[in-house]
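Keeping their order, the protein sequence lines are chains A and Y.
According to the working numbering, the stretch in the first sequence is residues 87 to 647, in order.
According to the working numbering, the stretch in the second sequence is residues 87 to 647, in order.
Just so it is clear, CB atoms sit at the ideal spot from N, CA and C, and this is done for glycine as well.
Since we're looking at a predicted model, the values are computed, not measured.
Protein chains: 2
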Amino acid sequence: MTRSERPASINDELVFLPLGGTGEIGMNFNLYGYGPATKRKWLAIDLGITFPDASEPGIDVIMPDPIFIEGERENLLGLVLTHAHEDHIGAVAHLWERLRCPVYATPFTAAMLRGKLAEAGLLNDVPLHEVPLGGHLQLGPFDLTFVTLTHSIPEPNAIAIRTPLGNVMHTGDWKIDDAPQIGDVTDIKTLTAFGDEGVRAIVCDSTNVLSPGRSGSEADVRKNLTALIGTLKGRVAVTTFASNLARLSTIMKAAEANGRHTVLVGRSMHKVTSAARETGYLKDVPTPVSEEDAGFLPPDNVLYLCTGSQGEARAALSRIADDSHRHIALSKGDTVIFSSKIIPGNELPIFELHNRLSERGIDVLTEKDHDVHVSGHPCRDELIQMYQWIRPELSIPVHGEPRHLLAHAELANELQVPEQLVLRNGLMARIAPGPAQVIDDVPAGRLHLDGRVLVRAGEAPLRERRQMSFAGHVVVSLVVDDDGKLLADPEVACEGIPDLEEGLSVEDTCREAADDAVSRMRKSAARDDAAVAEAARRAVRGRLRFLWDKKPPVRVLVTRV
Amino acid sequence: MTRSERPASINDELVFLPLGGTGEIGMNFNLYGYGPATKRKWLAIDLGITFPDASEPGIDVIMPDPIFIEGERENLLGLVLTHAHEDHIGAVAHLWERLRCPVYATPFTAAMLRGKLAEAGLLNDVPLHEVPLGGHLQLGPFDLTFVTLTHSIPEPNAIAIRTPLGNVMHTGDWKIDDAPQIGDVTDIKTLTAFGDEGVRAIVCDSTNVLSPGRSGSEADVRKNLTALIGTLKGRVAVTTFASNLARLSTIMKAAEANGRHTVLVGRSMHKVTSAARETGYLKDVPTPVSEEDAGFLPPDNVLYLCTGSQGEARAALSRIADDSHRHIALSKGDTVIFSSKIIPGNELPIFELHNRLSERGIDVLTEKDHDVHVSGHPCRDELIQMYQWIRPELSIPVHGEPRHLLAHAELANELQVPEQLVLRNGLMARIAPGPAQVIDDVPAGRLHLDGRVLVRAGEAPLRERRQMSFAGHVVVSLVVDDDGKLLADPEVACEGIPDLEEGLSVEDTCREAADDAVSRMRKSAARDDAAVAEAARRAVRGRLRFLWDKKPPVRVLVTRV
Numbered sequence: 087m088t089r090s091e092r093p094a095s096i097n098d099e100l101v102f103l104p105l106g107g108t109g110e111i112g113m114n115f116n117l118y119g120y121g122p123a124t125k126r127k128w129l130a131i132d133l134g135i136t137f138p139d140a141s142e143p144g145i146d147v148i149m150p151d152p153i154f155i156e157g158e159r160e161n162l163l164g165l166v167l168t169h170a171h172e173d174h175i176g177a178v179a180h181l182w183e184r185l186r187c188p189v190y191a192t193p194f195t196a197a198m199l200r201g202k203l204a205e206a207g208l209l210n211d212v213p214l215h216e217v218p219l220g221g222h223l224q225l226g227p228f229d230l231t232f233v234t235l236t237h238s239i240p241e242p243n244a245i246a247i248r249t250p251l252g253n254v255m256h257t258g259d260w261k262i263d264d265a266p267q268i269g270d271v272t273d274i275k276t277l278t279a280f281g282d283e284g285v286r287a288i289v290c291d292s293t294n295v296l297s298p299g300r301s302g303s304e305a306d307v308r309k310n311l312t313a314l315i316g317t318l319k320g321r322v323a324v325t326t327f328a329s330n331l332a333r334l335s336t337i338m339k340a341a342e343a344n345g346r347h348t349v350l351v352g353r354s355m356h357k358v359t360s361a362a363r364e365t366g367y368l369k370d371v372p373t374p375v376s377e378e379d380a381g382f383l384p385p386d387n388v389l390y391l392c393t394g395s396q397g398e399a400r401a402a403l404s405r406i407a408d409d410s411h412r413h414i415a416l417s418k419g420d421t422v423i424f425s426s427k428i429i430p431g432n433e434l435p436i437f438e439l440h441n442r443l444s445e446r447g448i449d450v451l452t453e454k455d456h457d458v459h460v461s462g463h464p465c466r467d468e469l470i471q472m473y474q475w476i477r478p479e480l481s482i483p484v485h486g487e488p489r490h491l492l493a494h495a496e497l498a499n500e501l502q503v504p505e506q507l508v509l510r511n512g513l514m515a516r517i518a519p520g521p522a523q524v525i526d527d528v529p530a531g532r533l534h535l536d537g538r539v540l541v542r543a544g545e546a547p548l549r550e551r552r553q554m555s556f557a558g559h560v561v562v563s564l565v566v567d568d569d570g571k572l573l574a575d576p577e578v579a580c581e582g583i584p585d586l587e588e589g590l591s592v593e594d595t596c597r598e599a600a601d602d603a604v605s606r607m608r609k610s611a612a613r614d615d616a617a618v619a620e621a622a623r624r625a626v627r628g629r630l631r632f633l634w635d636k637k638p639p640v641r642v643l644v645t646r647v
Numbered sequence: 087m088t089r090s091e092r093p094a095s096i097n098d099e100l101v102f103l104p105l106g107g108t109g110e111i112g113m114n115f116n117l118y119g120y121g122p123a124t125k126r127k128w129l130a131i132d133l134g135i136t137f138p139d140a141s142e143p144g145i146d147v148i149m150p151d152p153i154f155i156e157g158e159r160e161n162l163l164g165l166v167l168t169h170a171h172e173d174h175i176g177a178v179a180h181l182w183e184r185l186r187c188p189v190y191a192t193p194f195t196a197a198m199l200r201g202k203l204a205e206a207g208l209l210n211d212v213p214l215h216e217v218p219l220g221g222h223l224q225l226g227p228f229d230l231t232f233v234t235l236t237h238s239i240p241e242p243n244a245i246a247i248r249t250p251l252g253n254v255m256h257t258g259d260w261k262i263d264d265a266p267q268i269g270d271v272t273d274i275k276t277l278t279a280f281g282d283e284g285v286r287a288i289v290c291d292s293t294n295v296l297s298p299g300r301s302g303s304e305a306d307v308r309k310n311l312t313a314l315i316g317t318l319k320g321r322v323a324v325t326t327f328a329s330n331l332a333r334l335s336t337i338m339k340a341a342e343a344n345g346r347h348t349v350l351v352g353r354s355m356h357k358v359t360s361a362a363r364e365t366g367y368l369k370d371v372p373t374p375v376s377e378e379d380a381g382f383l384p385p386d387n388v389l390y391l392c393t394g395s396q397g398e399a400r401a402a403l404s405r406i407a408d409d410s411h412r413h414i415a416l417s418k419g420d421t422v423i424f425s426s427k428i429i430p431g432n433e434l435p436i437f438e439l440h441n442r443l444s445e446r447g448i449d450v451l452t453e454k455d456h457d458v459h460v461s462g463h464p465c466r467d468e469l470i471q472m473y474q475w476i477r478p479e480l481s482i483p484v485h486g487e488p489r490h491l492l493a494h495a496e497l498a499n500e501l502q503v504p505e506q507l508v509l510r511n512g513l514m515a516r517i518a519p520g521p522a523q524v525i526d527d528v529p530a531g532r533l534h535l536d537g538r539v540l541v542r543a544g545e546a547p548l549r550e551r552r553q554m555s556f557a558g559h560v561v562v563s564l565v566v567d568d569d570g571k572l573l574a575d576p577e578v579a580c581e582g583i584p585d586l587e588e589g590l591s592v593e594d595t596c597r598e599a600a601d602d603a604v605s606r607m608r609k610s611a612a613r614d615d616a617a618v619a620e621a622a623r624r625a626v627r628g629r630l631r632f633l634w635d636k637k638p639p640v641r642v643l644v645t646r647v
């Protein structure tokens with residue numbers, strides 16, 4: 087046991103620092119630090135992405151800003167990945183160059199990550215080490231044991247962290263499923279034994295803390311989907327999250343039980359099943375039929391397993407709904423089953439997809455009317471169970487918006503956990519020795535992948551784009567002589583603004599306003615480029631505000647010839 | 087009875103034409119036509135707005151394009167309003183000038199509309215006629231009876247339409263509530279008697295057709311809210327839709343029963359309650375306390391009744407959550423009850439509001455955890471009841487997205503209604519004589535209120551704004567002589583684009599690209615403005631695409647001096 091081998095020295099501290107995942111569900115990035123304040127060694131767990139909402143147009147993905155740990159790179163011992171969901175591994179390929187540390191993961195997670203690293207051309211750069219399920223790892227003062235849990239992806243691991251100053255249970259994402267259909271059940275024995283050792287802190291998933299009861303078992307989904315598909319005639323398409331391998335297996339077996347061949351549709355379906363077969367999963371399901379070959383099967387003998395459950399415009403199901411898919415056509419009397427939940431924010435595109443399918447006479451079945459989905463995160467009764475196994479002194483809720491973190495802390499309090507600590511990204515807390523306490527507030531934030539450039543959230547470009555989306559954009563070009571006399575009519579580019587005056591284009595409206603303003607300037611002022619630009623800008627902006635009741639950004643370019 | 091007085095002539099037809107409300111929930115605008123095809127008389131029912139989603143930035147409200155009926159203005163007999171919700175009356179003030187017809191409404195609806203017309207300066211222009219509840223109206227060939235229903239606003243009316251060619255039941259929005267708390271219960275006697283006469287068609291609300299069972303009664307909400315508020319200490323705020331007067335009354339009485347004074351917070355709360363008192367409602371509730379005076383009350387004796395249940399940024403509750411409200415401050419231990427549903431698309435702003443309240447220690451209670459809301463639209467069992475009362479030959483589902491309309495038609499089919507007709511806005515259907523049939527497809531669409539200008543949906547400005555929100559905007563100004571020689575460095579305005587090259591602003595990147603391209607042009611080509619602009623545009627766009635992987639709109643302004 088490391089703990090006895092390496093006694094803590096008097097100045098040592100164990101700290102926890104979330105850089106992502108507190109304040110949002112997604113973009114997980116957690117740091118543990120050990121040592122005296124002046125020379126801590128760091129351990130990172132997970133490095134995920136999140137997705138933009140409508141207020142972030144033109145952003146592809148969002149990830150944590152690693153600037154703090156970049157500065158501590160030489161003390162970063164490694165990055166441990168708990169499981170292969172995008173919000174836990176999705177930023178590795180984008181940010182590894184800034185960290186350059188070894189990466190540790192169990193086989194399926196490693197296979198999924200290798201796919202991403204290969205696409206980014208980083209496969210030979212990143213030192214990626216596979217850890218077996220239930221494996222053990224020593225990284226400096228951190229003694230790590232991977233503990234098998236259940237979730238909605240293969241190989242979800244909690245990390246049991248032992249340090250000379252105490253133990254921490256870092257749960258990652260989990261639920262309790264006694265029949266997960268793929269992989270082992272929750273390793274209650276190891277969890278309980280770790281609890282028996284004494285656990286200083288649990289850092290725990292908060293996603294479903296607002297939901298009472300339990301999340302339910304994949305076994306029930308398997309039973310229900312098999313029965314439901316048995317009642318259907320014609321073609322059946324089922325959509326779900328590709329990474330939910332147990333669900334894919336459920337659907338393939340439900341198809342088989344009903345005399346249907348499964349067809350995988352969508353790039354992620356192929357990626358995930360290929361990583362799965364590479365690591366020994368999916369051995370007991372029949373080989374899928376190709377999209378081309380499926381065209382020769384009678385409708386009653388086919389089941390399409392599709393990406394696109396969130397209404398993503400370019401995913402397979404959306405193309406099928408538009409009847410623009412290369413190989414697959416559904417028609418009146420066929421059925422689409424959404425074996426998935428609606429991620430908040432995706433309601434409108436998903437309902438829109440339902441509408442497009444309905445309009446073509448295709449039946450749409452969802453978890454609202456049939457029990458064809460279970461969540462991968464612990465509801466309240468499961469959280470209570472985990473606290474009974476671990477019995478921590480301190481609860482640190484993560485993986486949640488503020489309302490989830492606060493409700494989780496309240497639950498921990500009800501469960502008699504002596505201390506609770508609700509953090510936000512960037513707050514560094516000492517968790518041992520002594521009572522938990524925030525001791526620093528380090529730079530944290532979000533990076534936006536904007537085109538192929540990483541831009542810090544809050545910087546000008548996105549703000550400007552948002553402003554233009556409301557009010558358009560005007561640029562006026564003035565060519566003047568030394569005295570500020572216009573040498574030509576002002577040229578104007580307006581984008582995103584309707585015509586505002588009868589018989590006049592909006593460009594003409596702006597041109598007249600600029601021309602007037604500049605022509606009326608006193609000669610002394612007109613000798614100053616900035617004054618000329620400002621006079622024209624104010625005139626154009628004022629005119630647009632009067633006619634349109636909006637104030638678009640107006641830029642004036644002055645060229646003096 | 088009109089029917090016997092005015093026999094149908096041989097060429098007469100009865101037609102129905104939805105110009106809003108089929109394909110969306112909101113923006114209702116229905117037309118009925120009667121007469122020979124060449125000279126139909128028209129009746130309009132409702133003229134509402136809907137609200138933009140995230141793909142429509144800078145648009146305030148959306149309304150039906152009335153262009154078809156504008157052209158038939160001299161044959162438009164009147165506009166009848168069923169009830170005062172925004173999606174039924176919200177466009178009247180915007181579009182009445184284009185229709186210039188008399189408007190008919192029951193007293194509360196008329197009072198609400200007068201408020202809007204006054205704000206638009208139209209109060210003295212619009213001929214607004216009040217019809218009593220259960221009243222009767224003859225408009226040319228249309229004999230109209232207002233039938234009292236129940237809904238989530240006072241005075242919801244169905245319109246029983248009698249014509250020489252048959253009867254139509256136009257339901258408007260409704261539910262069946264045996265104890266609506268304000269107003270009468272559903273006038274089953276009149277509905278049944280109308281059904282006994284024989285009804286050719288029902289044009290009916292589809293909003294909740296996907297929900298089984300019944301919508302529930304306001305009486306239950308009253309009981310539950312009263313009990314719930316009785317358990318709370320500290321300040322209580324309740325938010326709901328201001329137009330739901332029964333709910334306001336429920337909340338005020340629940341406050342009173344628990345020794346709390348109600349404080350109205352938010353402009354719409356005052357508007358609605360003032361229209362209500364003006365028309366004889368709210369006589370039995372205690373007078374609210376002003377925001378200022380409430381500051382002197384102990385926390386346990388106050389209840390704030392607030393706007394902002396949908397997370398609207400400028401509404402009362404959002405300002406309270408930010409602690410930026412002028413008179414009202416909530417703090418740790420206080421409670422906010424959302425006595426409302428989440429309108430699809432509003433999930434993220436509402437959860438964000440929950441987060442802001444939670445972070446300040448304020449408890450958030452919603453319909454998810456307590457039974458504090460019921461819908462105002464009929465679920466399946468209520469629809470079945472209505473079909474039993476009316477027994478129509480033809481079902482025309484309206485007030486729904488395609489998936490709702492189609493499910494409603496399927497339900498009608500199951501109920502043995504002989505004909506069902508699913509329309510979209512702009513499809514004109516003959517509903518008598520003979521089997522229902524689509525006979526025309528007239529111009530229909532949406533108008534966007536963009537600033538203070540009405541713009542047809544699909545036109546360039548919004549598309550351009552959306553494009554700029556993804557990729558920014560570049561304008562390059564070139565000043566050249568007759569031979570196309572640059573007389574000054576190109577001037578560049580970039581908006582919404584990050585810097586892409588080390589040590590170079592994005593403007594400089596564009597400037598260099600434009601300069602290069604123009605300098606390399608052959609003299610003959612450089613004499614043509616369009617050729618110069620295109621060369622610069624392509625160079626800038628190509629450079630940005632290479633560096634950024636996006637293609638922003640690029641405009642080049644050429645001035646020849």
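In chain Y, which residues lie less than 7 Å from residue 583 of chain A when you measure between Cβ atoms?
What you label residue 583 of chain A is simply residue 497 of the first sequence in a count that begins at 1. Simply 547.
Can you find the residues in the same chain that come closer than 7 Å, C-beta to C-beta, to residue 365 of chain Y, ignoring five residues on each side of it along the sequence?
Position 279 of the second sequence holds residue 365 of chain Y. The residues are 193, 194, 197.
Can you find at least 3 beta carbon pairs, one from the region 340 to 359 of chain Y and one from the region 438 to 445 of chain Y, that sit closer than 8 Å?
no
Identify every residue that forms a DSSP beta bridge with residue 230 of chain Y.
Translated into the one-based positions of the second sequence, residue 230 of chain Y becomes position 144. In the DSSP output, where bridge partners are listed per residue, residue 230 of chain Y has Y:223, Y:247.
Where are the alpha helix (DSSP H) runs, 4 residues long or more, that stay fully inside the region 485 to 516 of chain A, in chain order?
488 to 500
Please state the DSSP three-state secondary structure of residue 553 of chain A.
Here the question's residue 553 of chain A lines up with position 467 in the first sequence. The answer is helix: DSSP assigns residue 553 of chain A an H, G or I state.
Cutting at 8 Å between CB atoms, please list the residues of its own chain near residue 90 of chain A, excluding the five before and the five after it.
Sequence index remark: in the first sequence, residue 90 of chain A carries index 4 (1-based). In this prediction, residue 90 of chain A scores a pLDDT of 43, lower than 50, which makes its location untrustworthy; no coordinate-derived value is stated.
Within the chosen definition, does the region 585 to 603 of chain A reach the region 107 to 116 of chain Y through at least 3 CB pairs nearer than 8 Å?
no
By the 9 Å beta-carbon criterion, what residues does the region 439 to 451 of chain Y contribute toward chain A?
440, 441, 442, 443, 444, 445, 447, 450
Can you have a look at residue 111 of chain Y and say buried or exposed, based on whether 16 or more other CB atoms are within 10 angstroms of its CB?
In the second sequence, counting from the first residue as 1, residue 111 of chain Y sits at position 25. Buried, because 16 or more other Cβ atoms sit within 10 Å of the Cβ of residue 111 of chain Y.
Do we get a CB-CB distance below 8 Å when we pair residue 655 of chain Y with the residues of chain A?
Outside the modelled stretch of chain Y, which goes from 87 to 647, sits residue 655 of chain Y, for which no answer is possible.
What residues of chain A sit near residue 634 of chain Y, judged by a beta carbon separation below 7 Å?
For the purposes of this step, residue 634 of chain Y is taken as residue 548 along the second sequence, with counting starting at 1. Ordered by position in chain A, the residues that pass the 7 Å Cβ test against residue 634 of chain Y are 537, 538, 539.
Bridge partners of residue 128 of chain Y, per DSSP?
Residue mapping note: residue 128 of chain Y aligns to position 42 of the second sequence, counting from 1. Partner(s): Y:119, Y:162.
According to DSSP, what are the bridge partners of residue 323 of chain Y?
Within the second sequence, numbered from 1, the residue matching residue 323 of chain Y stands at position 237. Answer is Y:390, Y:422.
Give the range of the beta strand (DSSP E) segment to which residue 193 of chain A is assigned.
Taking the first sequence and counting its residues from 1, one reaches residue 193 of chain A at position 107. Unbroken run through residue 193 of chain A is the alpha helix (DSSP H), 193 to 205; no beta strand (DSSP E).
Using a Cβ-Cβ cutoff of 7 Å, what residues of the region 122 to 142 of chain Y are near chain A? List them in chain order.
Listed by position, the residues of the region 122 to 142 of chain Y near chain A (Cβ gap below 7 Å) are 139, 140.
Would you mind giving the Cβ-Cβ distance between residue 236 of chain A and residue 266 of chain A, rounded to the nearest angstrom? I have them listed as a contact below 8 Å.
Here residue 236 of chain A refers to the residue found at position 150 of the first sequence. Here residue 266 of chain A refers to the residue found at position 180 of the first sequence. Between residue 266 of chain A and residue 236 of chain A the Cβ distance is about 4 Å, and since that is below 8 Å, they are a contact.
So residue 99 of chain A contacts chain Y; which residues on that side make the cut at Cβ distance below 7 Å?
For the purposes of this step, residue 99 of chain A is taken as residue 13 along the first sequence, with counting starting at 1. None at all; the shortest Cβ gap to chain Y is about 27 Å.
Closest by CA to residue 184 of chain A, which one among A:575, A:162, A:172?
Counting from 1 along the first sequence, the entry for residue 184 of chain A is found at position 98. Nearest of A:575, A:162, A:172 to residue 184 of chain A, Cα basis: A:162.
Among the residues of its own chain, which have a CB less than 6 Å from the CB of residue 252 of chain A, if the five just before and after it don't count?
For this step, residue 252 of chain A is matched to residue 166 along the first sequence. Only residues of its own chain outside the window of five on either side were considered, and among them 286, 518 have a CB closer than 6 Å to the CB of residue 252 of chain A, listed in chain order.
Roughly how many whole angstroms lie between the Cα atoms of residue 289 of chain A and residue 302 of chain Y?
Working through the first sequence from its first residue, we reach residue 289 of chain A at position 203. Working through the second sequence from its first residue, we reach residue 302 of chain Y at position 216. Answer to the nearest angstrom: the Cα atoms are 42 Å apart.
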